[in-house]
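Residue numbers (the UniProt record's numbering): 66 to 651.
See structure below.
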Amino acid sequence: PWPHVEGVEVDLDSIRQRNGGDKLNPKFRNQDQKNIIQKQYVTFRPQSNVYSDPVLRRGSLGNFEPKEPEPPGVPGGPGEGSKPFVLGADYKDAVQASIKEFGFNMVASDMISLDRTISDLRHEECKYWHYDENLLTSSVIIVFHNEGWSTLMRTVHSVIKRTPRKYLAEIVMIDDFSNKVHLKERLEDYIRQWNGLVKVFRNEKREGLIQARSIGARKATLGQVLIYLDAHCEVGVNWYAPLVAPISKDRTVCTVPLIDSINGQTYSIEPQGGGDEDGFARGAWDWSMLWKRVPLNSREKQLRLTKTEPYRSPAMAGGLFAIERDFFFELGLYDPGLQIWGGENFEISYKIWQCGGQLLFIPCSRVGHIYRLSGWQGNPPPAHVGSSPTLKNYVRVVEVWWDEYKDYFYATRPETLTLAYGDISTLKKFREEHRCKSFKWFMEEIAYDIPIHYPLPPKNMEWGEIRGYETSYCIDSMGHTNGGNVEIGPCHRMGGNQLFRINEANQLMQYDQCLTKGSDGSAVIITHCSMNEHTEWRYFKDLHRFTHIPTGKCLDRSDVLHKVFISDCDNSKSTQKWEMNNIMAV
Ligand code: UD2
Ligand code: MN
66 PWPHVEGVEV DLDSIRQRNG GDKLNPKFRN QDQKNIIQKQ YVTFRPQSNV
116 YSDPVLRRGS LGNFEPKEPE PPGVPGGPGE GSKPFVLGAD YKDAVQASIK
166 EFGFNMVASD MISLDRTISD LRHEECKYWH YDENLLTSSV IIVFHNEGWS
216 TLMRTVHSVI KRTPRKYLAE IVMIDDFSNK VHLKERLEDY IRQWNGLVKV
266 FRNEKREGLI QARSIGARKA TLGQVLIYLD AHCEVGVNWY APLVAPISKD
316 RTVCTVPLID SINGQTYSIE PQGGGDEDGF ARGAWDWSML WKRVPLNSRE
366 KQLRLTKTEP YRSPAMAGGL FAIERDFFFE LGLYDPGLQI WGGENFEISY
416 KIWQCGGQLL FIPCSRVGHI YRLSGWQGNP PPAHVGSSPT LKNYVRVVEV
466 WWDEYKDYFY ATRPETLTLA YGDISTLKKF REEHRCKSFK WFMEEIAYDI
516 PIHYPLPPKN MEWGEIRGYE TSYCIDSMGH TNGGNVEIGP CHRMGGNQLF
566 RINEANQLMQ YDQCLTKGSD GSAVIITHCS MNEHTEWRYF KDLHRFTHIP
616 TGKCLDRSDV LHKVFISDCD NSKSTQKWEM NNIMAV
């Protein structure tokens, strides 16, 4: 018995052992799980895909609903039913170390059964949908790089536990050049229990998650549909049929489950937040290409009869989706020039929509995902990749897909104008040959609600560093935001905290922050602003002057104290002279 698990008498060490955390020994695996996993692995591919639309029969439980409660991983064990599991103070240091290494509390995870039960977070209505039983089969693909063991394996266990066996062709794991012992030496042994259902392939160099997913598509040859999951997920009750049914009906549909949030400390599962009153949101972006979610609007709702039906989304978050295998290949998989992390979620979304497919969010298919906790050391890109791969990815995506809208991206990220993003001619050719639609069509027909939440930004008049005239000192935000002072520092020509822009709306900005006057009436501060806020500045290039319009004062500095402020304009003061230029060191 462990004192820190209140009211429960379970031996956490034995769970940890069974999870493969200490000693890998398949005989520790629990009996219930053995009954679920079939011994013999048989390739299954239905000959035809007769498919009729799902029907909602409110009185009768859906044909894919479990007939009896799921067996617990460990009866009464920690985390069962996705109850929060809180460790005692004794574990504090070990917990912190694991968060730093993996982004999650691995000490707690290792004590929670890999086969634990979870609470059913679905809308009640979801239980009454009936689906055609000739669903397509799937390969589930999980790419991973240096992930924790039990969170990774819980992903695999949950798929095996909650996917009807006849539709699960294989689970393909792509090891993206991990260097942890538990991933290099134990995995093959551990997955042997599933007799070939689970496969591991290893990249010979770090490819990044994007190319690793394309590799996974090539390796996964058995299923008709490819389902991608991050390496720290738990699929929910009856997640499969609702996710795959729309693809069985129309092979150019790509589906995304509703993504709940697994707490990386306690492993409780919270329903996806935000969105509308039912928690439904559409995937979106701001014009600097940050991932955003906007509430499901009434026009989209009206395309459906009931609230748990799939709905259209302009974009996906990236990690969790299902796509027909051949369709994904026809789309050319991911752009081979996208590196490591980021932007691929938009590339695939635009490609799907603009080239004739559809992207649907599926309210009744739910999958939990653990978001990394702060304090995680991160996955630095490998040495053979140049600087800022993510930004380069964004540039490739806007250059290929955004047409004239790309100016809005450059307006918010002017520093990317100088990035060498590589050759995109093959992608442009693909777009032409497939007669993919324009971004304008996409914005008007599908993503029409995004500018309501994220208005198109004003164009820039000038951008670059703001240098004291004939000095080597520049205005520097010092990373301050939300009301912090800006200061003066040696110009470094690296952009970042010294990168500003002045736009047609008279905003003097850095990222999503504006410069304005502080409460003392003179210091210049930097604070978050939306479209019509802090429209206060004018730059007179020939006079080397920035004027603060509301006060009529001039931007000034104290060279000794490194302060930036506004003061009465005086032509003879050299500290009021500035020069904005965009010669960067890239
Ligand atoms: C989100 C997505 C993620 C991906 C990313 C943008 C969700 C829930 N997650 O960030 O899937 O689309 O945005 O690119 O939508 N990995 C590798 N090699 C690497 C780095 C990561 O294989 O070089 C693996 C990693 O182990 C994980 C997956 O890729 O399984 C996604 O990485 P993440 O979980 O760090 O990304 P996340 O969830 O912050
Ligand atoms: Mn993730």
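Think of the CB as a built atom: it goes at the ideal place given N, C-alpha and C, for glycine as much as any other residue.
Checklist line | Reduced DSSP secondary structure (H/G/I, E/B, other) of M508 | finding: Within the sequence shown, residue 508 is the residue found at index 443, counting from 1. Helix, per DSSP.
Notebook entry, point to check: W259 to S333, Cα distance in whole Å?
Noted result: Mapped onto the sequence shown, residue 259 falls at position 194. Mapped onto the sequence shown, residue 333 falls at position 268. Between W259 and S333, the C-alpha separation is close to 28 Å.
Margin query: Please tell me whether I515 and V321 are closer than 8 Å, where the distance is taken between their beta carbons.
Written below: For the purposes of this step, residue 515 is taken as residue 450 along the sequence shown, with counting starting at 1. For the purposes of this step, residue 321 is taken as residue 256 along the sequence shown, with counting starting at 1. No, Cβ-Cβ distance for I515 and V321 is not below 8 Å.
Item checked: Environment of P311 [buried if 16+ CB atoms lie within 10 Å] -> In the sequence shown, the residue the question calls residue 311 occupies position 246. The residue is buried, with at least 16 neighbouring Cβ atoms inside 10 Å.
Note to self: Can you tell me whether residue 652 is helix, strand or coil according to DSSP?
What the structure shows: Only positions 66 to 651 of the chain appear in this structure, which leaves residue 652 out of reach.
Check: Would you call residue 668 buried or exposed, if buried means 16 or more other Cβ atoms sit within 10 Å of its Cβ?
Finding: Given that the chain is displayed from residue 66 to residue 651, the structure contains no residue 668 and the question cannot be resolved.
Item checked: E212 beta carbon near the ligand UD2 (any heavy atom closer than 7 Å) -> Locating residue 212 in the sequence shown gives position 147, counting from the first residue. Yes, the ligand UD2 has a heavy atom inside 7 Å of this Cβ.
Item checked: Spatial neighbours of S542 in its chain, beta-carbon cut-off 7 Å, leaving aside the 5 residues before and after -> As a working mapping, residue 542 is identified with position 477 in the sequence shown. Hits under 7 Å: V551, N562, Q575, I591.
Note to self: Buried or exposed for F426, going by 16 or more other Cβ atoms inside 10 Å?
What the structure shows: Translated into the one-based positions of the sequence shown, residue 426 becomes position 361. Burial call: buried.
Checklist line | Length at least 4, wholly inside the stretch 317-396: the alpha helix (DSSP H) runs in chain order | finding: 363-366, 390-395
Note to self: Rounding to the nearest angstrom, what Cα-Cα distance links G397 and S313 in this structure?
What the structure shows: Translated into the one-based positions of the sequence shown, residue 397 becomes position 332. Translated into the one-based positions of the sequence shown, residue 313 becomes position 248. About 21 Å.
Note to self: By the three-class DSSP mapping on this structure, what secondary structure does E644 have?
What the structure shows: Here residue 644 refers to the residue found at position 579 of the sequence shown. Correct three-state label for E644: strand.
Item checked: Three-state secondary structure assigned by DSSP to Y106 -> Reading the sequence shown from its first residue, position 41 is the one you call residue 106. Only weak support is given to the placement of Y106: the predicted model assigns it a pLDDT of 30, under 50, and the value that follows is read from those uncertain coordinates. The answer is coil: DSSP assigns Y106 none of H, G, I, E or B.
Checklist line | Status (buried if at least 16 other CB within 10 Å, exposed otherwise) for Q404 | finding: In the sequence shown, counting from the first residue as 1, residue 404 sits at position 339. Q404 comes out buried.
Check: What residue from G261, D241, F242, S178 has the CA that sits closest to P136's CA?
Finding: The residue given as residue 136 occupies position 71 in the sequence shown. Among G261, D241, F242, S178, the Cα nearest to that of P136 is on S178.
Check: Just to confirm, does H434 get its C-beta within under 7 Å of one of the non-hydrogen atoms of the ligand UD2?
Finding: Position 369 of the sequence shown, counted from the start, is the residue given in the question as residue 434. Yes, the Cβ of H434 comes within 7 Å of a heavy atom of the ligand UD2.
Check: Does the distance from the CB of T220 to the CB of S174 come in under 8 Å?
Finding: Residue mapping note: residue 220 aligns to position 155 of the sequence shown, counting from 1. Residue mapping note: residue 174 aligns to position 109 of the sequence shown, counting from 1. Cβ distance not < 8 Å, so T220 and S174 don't count as in contact.
Check: CB-CB under 8 Å to G344, same chain, minus the five flanking residues each way: which ones, in chain order?
Finding: If you number the sequence shown from 1, residue 344 lands on position 279. Excluding sequence neighbours, G344 sits near L323, P336, Q337, G338.
Notebook entry, point to check: Considering only the beta carbon of each residue, do V309 and L201 sit closer than 8 Å?
Noted result: The sequence position of residue 309 within the sequence shown is 244, counting from 1. The sequence position of residue 201 within the sequence shown is 136, counting from 1. Yes, these two residues count as a Cβ contact at 8 Å.
Next item on the list: Answer with buried or exposed for A162, where buried requires no fewer than 16 other C-beta atoms within 10 angstroms of its C-beta.
Entry: Numbered from 1 along the sequence shown, position 97 holds the residue referred to as residue 162. A162 should be labelled exposed.
Notebook entry, point to check: Would the beta-carbon of R347 fall within 8 Å of that of P379?
Noted result: Position 282 of the sequence shown, counting from 1, holds the residue named residue 347. Position 314 of the sequence shown, counting from 1, holds the residue named residue 379. Yes, these two residues count as a Cβ contact at 8 Å.
Next item on the list: On a CA-only basis, which of L573, C420, P428, D624 is nearest Y538? Give me that one, please.
Entry: To locate residue 538, count along the sequence shown from 1; it is residue 473. Of the candidates L573, C420, P428, D624, the one whose C-alpha sits nearest the C-alpha of Y538 is D624.
Check: Is there at least one non-hydrogen atom of the ligand MG closer than 7 Å to the beta-carbon of G384?
Finding: Absence of the ligand MG is noted for the structure shown, with the ligand UD2 and the ligand MN being the only ligands found.
Check: On the premise that W352 lies in contact with A382, defined as a C-beta separation below 8 Å, what is that separation, rounded to the nearest angstrom?
Finding: For the purposes of this step, residue 382 is taken as residue 317 along the sequence shown, with counting starting at 1. For the purposes of this step, residue 352 is taken as residue 287 along the sequence shown, with counting starting at 1. Between W352 and A382 the Cβ distance is about 18 Å, and since that is not below 8 Å, they are no contact.
Check: Alpha carbon to alpha carbon, what distance is there between Q641 and N362?
Finding: Here residue 362 corresponds to residue number 297 of the sequence shown, with the count starting at 1. Here residue 641 corresponds to residue number 576 of the sequence shown, with the count starting at 1. So the two alpha carbons sit approximately 49 Å from each other.
Next item on the list: Give the C-beta separation of E480 and G560 to the nearest angstrom, bearing in mind that I take them to be a contact with Cβ-Cβ under 8 Å.
Entry: For the purposes of this step, residue 480 is taken as residue 415 along the sequence shown, with counting starting at 1. For the purposes of this step, residue 560 is taken as residue 495 along the sequence shown, with counting starting at 1. At roughly 4 Å, the Cβ-Cβ gap stays under 8 Å, so E480 and G560 are in contact.
Notebook entry, point to check: According to DSSP, which residues form a beta bridge with W194?
Noted result: Taking the sequence shown and counting its residues from 1, one reaches residue 194 at position 129. Paired residue(s): L121.
Checklist line | Among V160, V450, R278, P428, nearest to A306 - alpha-carbon criterion | finding: Here residue 306 corresponds to residue number 241 of the sequence shown, with the count starting at 1. Minimum Cα distance to A306 is reached at P428.
Checklist line | Range of the contiguous beta strand (DSSP E) that encloses Y255 | finding: To locate residue 255, count along the sequence shown from 1; it is residue 190. First-last for Y255: 252-256, but that is the alpha helix (DSSP H), not the beta strand (DSSP E).
Check: What are the boundary residues of the alpha helix (DSSP H) that includes D155?
Finding: Looking up residue 155 in the sequence shown gives position 90. Where D155 is concerned, there is no enclosing alpha helix (DSSP H), given that its DSSP letter is neither H nor E.
Check: For the stretch 495-504 against the stretch 408-421, are there 3 or more C-beta pairs whose distance is under 8 Å?
Finding: yes
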